[in-house]
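Engineer:
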Amino acid sequence: MIRAIALRLAALPLAVMLVGASPKLRVGDIAPEGEFTLVSGEKVAISALRGQVVVINFWATWCVPCRKELPTLDAFYRLTKQHGLRVFAVTTEDSVPIYAMKKVFDTMAISPVKRVKGPYFSLGAVPTNFIIDRAGRVRYAKTGAFDLDDLNREVVPLLNEPAPEAPAL
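For the sequence shown, the working numbering assigns the number 854 to the last residue and increments by one with no breaks.
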């Protein structure tokens, strides 16, 4: 018992260093490469989303503000998707079975994510939201739920920006 506790305590500094070494997405940075595996099984690379405005929402089933925010995000997405918006909802809970996630998202148009590869993670609280502009730059990275006013203020100006031109060959 004492040995087990001693081993855990000895590993603690390493765990702290690894957590501290995790890259954080900062406003103004180019969004790093990553990949979402959707509940449907489809894989979406962040680089494939260039030219679109992307909202990444981290949520949890037990989070009341999250459960209020998801329908708002979904309604906003339905109204603006034709202007180049993509919304991905990432649950922070590994224990949520796929069938339960499908049930939550059956009536929603936003994309539920079951797995993330890359440095995309919650900022320590849920909900956490990131917005990536058409050029692939992080334009928003904060905890807290979006309401319709927030989405209009943060996303609509980005949707009005032109998509970057493809590099000449």
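Positions of the beta carbon are idealized from the N, C-alpha and C atoms, including for glycine. Just so it is clear, the structure is predicted and the values come from calculations on it, not from any experiment.
1) Taking residue 724 as the reference, give the member of 794, 767, 757 with the closest Cα.
2) When we look at the beta-carbon of residue 834 and count the other beta-carbons within 10 Å, is it buried (16 or more) or exposed?
3) Specify the secondary structure class of residue 797 as computed by DSSP and reduced to three states.
4) Given that a residue counts as buried once 16 or more other Cβ atoms are within 10 Å of its Cβ, and exposed if not, what is residue 798?
5) Take residue 802 as the anchor and find which of 712, 709, 718 has the nearest alpha-carbon.
6) In the DSSP assignment, find the beta strand (DSSP E) that holds residue 760 and state where it starts and stops.
Structural biologist: Reading it off the structure:
1) As a position in the sequence shown, residue 724 is number 39, starting the count at 1. Answer by Cα proximity: 794.
2) Along the sequence shown, read from residue 1 onward, the residue named residue 834 stands at position 149. Counting other Cβ atoms within 10 Å of its Cβ, residue 834 stays below 16 and is therefore classed as exposed.
3) In the sequence shown, the residue the question calls residue 797 occupies position 112. When DSSP states are grouped into helix, strand and coil, residue 797 belongs to the strand group.
4) The count along the sequence shown starts at 1 and reaches residue 798 at position 113. With 16 or more neighbouring CB atoms inside 10 Å of its own CB, residue 798 falls in the buried class.
5) The residue labelled residue 802 in the question sits at position 117 within the sequence shown. Of the candidates 712, 709, 718, the residue whose Cα lies closest to the Cα of residue 802 is 718.
6) Here residue 760 corresponds to residue number 75 of the sequence shown, with the count starting at 1. It is not in any beta strand (DSSP E) - residue 760 instead sits in the alpha helix (DSSP H) that spans 749-765.
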